Amino acid sequence: MTVLPQPDLQATVVSMGVGESREASARPAHAVAADAFRSWLDGDRVAMTRLVHAMNPVLWHVVRAYRLDEATAKDVVQETWVRFVRGYSSIDDPSAVAAWLMVTARREAWRTVKRQADATPVEPVALEPHLEVAPSAEDTAVDRITDADLWRCVGTLSDRCQRLLRIVAFDDKPDYRRIAEETGMRVGSIGPTRSRCLDRLRAALVAEGQR
Amino acid sequence: MRPETLDDNELLDALRDMWMRLDPPPEDLDVLAIQAIERAELDDPIVLELMSEDFAFENVRGEGERTLRFEAGTYEVLLRIAREPEGHRIDGWSTPAVHGVVRIECDGHERVTDSDALGRFAFVGIGSGTATVSLTESPGAAPAWTTAPFTL
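Protein chains in written order, with the numbering used here: chain A, 2 to 212; chain B, 2 to 153.
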């Protein structure tokens with residue numbers, strides 16, 4: 002067995018999504034992942050740590066979109082990597098490794114949700130410890146949408162909207178066919194549903210600002 | 002930045018940033034992932050334990066069907082076994098559903114088939130004895146799982 006070195010968390014700056022503008026110097030996760038996967042296939046064992054470090058934040062948020070608790074979400078991410086080790090040779094195009102991992106993570110998360118017939122959705126209280134109670138000075142700036150506003154407003158949307166928005170926020174190439182299977186929507190309705198969910202969120206934010 | 006002025010992509014960017022700040026990945030997630038990868042690379046297949054065995058239409062000659070359910074972690078395999086004149090017929094269904102090579106070994110005899118995209122597979126004409134069924138996802142890789150031995 003090759004013992005992989007621990008990831009150097011400072012080694013790679015990774016952008017989580019498609020937004021090139023937010024961090025001009027950051028490379029999209031799927032590009033970092035593709036390079037790391039190619040290196041790993043060429044025998045660079047250390048490249049696995051780069052692949053994990055690039056993709057784990059994305060996989061985490063994709064899995065958490067299914068409202069799994071933290072411990073279960075950790076298990077699902079680990080299982081995703083196990084499935085990668087056993088199935089990577091089926092990835093014909095290394096540039097597709099990020100999409101493959103995200104689809105696998107979503108499939109595992111969805112299966113876990115279905116298996117846990119008595120699964121209890123994560124209660125808001127369980128997700129809120131990271132939320133600052135008092136707005137920071139920066140947040141109180143006029144017209145600024147705070148994280149707290151977004152958190153509250155997205156929480157008023159339906160479960161379907163919350164899941165769909167979190168998936169598409171972190172998956173720059175979402176597989177609409179599989180999302181349709183998981184949400185009971187028609188493939189053709191996902192785009193319009195995404196727009197409606199964002200409209201509702203926008204309306205909720207406007208209403209929040211008028212309080 | 003007024004919410005009504007944000008387009009869809011800007012709003013999704015804001016959501017992504019918010020989730021990254023308020024629900025970040027656990028600090029130990031990378032280490033746990035690496036450890037899971039190392040364990041998987043040890044090539045030890047997951048052994049699925051027999052969880053239940055249901056009989057249907059069994060007659061005095063032992064003909065009929067039975068269904069075995071194996072499980073371990075997130076893996077589950079159902080085997081419906083029917084006795085036919087030419088041997089046992091085994092219809093299997095595994096989750097997670099993956100294309101793969103399914104192998105049955107029964108008292109030194111081995112047969113191989115493919116599972117379809119829904120995780121289904123079938124064997125016919127299998128003799129009696131002690132058997133195991135295993136699945137390999139990639140050519141040359143070690144089995145992802147194998148069932149505990151069962152009797153045919």
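Note that CB positions come from ideal geometry on N, CA and C, so glycine has one too. Nothing here was measured: the structure is a model prediction, and the numbers come from that model.
Terminal residues of the alpha helix (DSSP H) in which residue i lies
i	result
B:L12	D9 to L23
A:A149	D148 to G156
B:D31	L30 to E42
A:A32	A30 to L42
Where the beta strand (DSSP E) through residue i begins and ends
i	result
A:R187	Looking at the DSSP string, A:R187 is not in any beta strand (DSSP E), and its letter there is neither H nor E.
B:V78	Y76 to E85
B:G128	Counting along the chain, B:G128 falls outside any beta strand (DSSP E), and DSSP gives it neither H nor E.
B:S116	H110 to S116
B:A73	E66 to A73
B:T6	Taken as a continuous stretch (DSSP letters only), B:T6 belongs to no beta strand (DSSP E), as it is neither H nor E.
Contacts of residue i in chain A (Cβ-Cβ under 7 angstroms)
i	result
B:M240	Any question about residue 240 of chain B goes unanswered here, given that chain B covers just 2 to 153.
B:A149	Ordered by position in chain A, no residue passes the 7 angstroms Cβ test against B:A149, which lies about 20 angstroms from the chain.
B:D161	Examination of residue 161 of chain B is not possible in this model, given that chain B is present from 2 through 153 alone.
B:M5	Checking the displayed sequence, the identity of residue 5 of chain B turns out to be Glu instead of Met. Going along chain A in sequence order, the residues near B:E5 (Cβ under 7 angstroms) are R203 and V207.
B:L12	L199, L202 and R203
B:L30	N57, W61, K75 and V78
Spatial distance of residue i from residue j (CA atoms)
i	j	result
B:A142	A:T113	25 angstroms
A:R203	B:L79	47 angstroms
A:D70	A:R145	30 angstroms
A:D200	B:L16	13 angstroms
A:K115	A:D94	31 angstroms
B:L30	A:A55	12 angstroms
B:T133	B:E111	10 angstroms
B:I38	A:D150	38 angstroms
B:S95	A:L206	45 angstroms
B:E138	A:R87	6 angstroms
A:S40	B:G65	53 angstroms
A:K75	B:G93	30 angstroms
B:D55	B:E77	16 angstroms
Reduced DSSP secondary structure (H/G/I, E/B, other) of residue i
i	result
A:V47	coil
A:P95	helix
A:I168	helix
A:S22	Its pLDDT being 38, under 50, A:S22 is placed unreliably in this model, and the value from its coordinates should be taken loosely. Of the three classes helix, strand and coil, the one that applies to A:S22 here is coil, per DSSP.
B:L49	strand
B:H100	coil
A:D70	coil
A:S1	Because chain A is modelled from 2 through 212, residue 1 of chain A falls outside the range shown and cannot be assessed.
A:R58	The residue asked about is misnamed: residue 58 of chain A is Pro in this sequence, not Arg. In the structure shown, A:P58 sits in a helix (DSSP, three-state: H, G or I).
A:P193	helix
A:A142	For A:A142, the predicted model reports a pLDDT of 43, less than 50, meaning its position is unreliable and no value from the coordinates is stated.
B:G88	strand
B:E138	coil
B:A145	coil
A:R107	helix
Closer than 8 angstroms: residue i CB and nearest the ligand HEM heavy atom
i	result
B:E42	Inclusion of the ligand HEM in the displayed structure is not the case, the ligand content being empty and no account of it being possible.
Chain B contact residues for residue i, given Cβ-Cβ distances below 8 angstroms
i	result
A:M49	I35 and I38
A:G210	R3 and P4
A:L42	What A:L42 touches in chain B: nothing, since even the nearest Cβ is about 13 angstroms away.
Proximal residues of chain B, C-beta to C-beta of residue i below 7 angstroms
i	result
A:W82	A34, A37 and I38
A:R108	P97
A:Q79	L33, A34 and A37
A:E1	Given that chain A is displayed from residue 2 to residue 212, the structure contains no residue 1 of chain A and the question cannot be resolved.
A:S196	D9
Residues that residue i contacts on chain A, provided the C-beta gap is smaller than 8 angstroms
i	result
B:S139	R87, G88, Y89, S90 and S91
B:D216	This structure cannot settle anything about residue 216 of chain B, because the visible part of chain B is limited to 2 through 153.
Cβ of residue i within 9 angstroms of any chain E Cβ
i	result
B:A118	The structure shown contains no chain E; its protein chains are A and B.
(request) Check distances from the C-beta atoms of the region 157-175 of chain A to those of chain B and list, in chain order, the residues that come in under 8 angstroms. (result) L166, R167, V169, A170 and F171
(request) Identify each residue in the region 53-67 of chain A for which the Cβ-Cβ distance to at least one residue of chain B is less than 7 angstroms, and report them in chain order. (result) For the region 53-67 of chain A, which is checked against every Cβ of chain B, the residues closer than 7 angstroms are V53, H54, N57, P58, W61, H62 and R65.
(request) Scan the region 78-102 of chain B for residues whose Cβ lies nearer than 9 angstroms to a Cβ of chain A and list them as they occur along the chain. (result) T96, P97, A98, V99, H100 and G101
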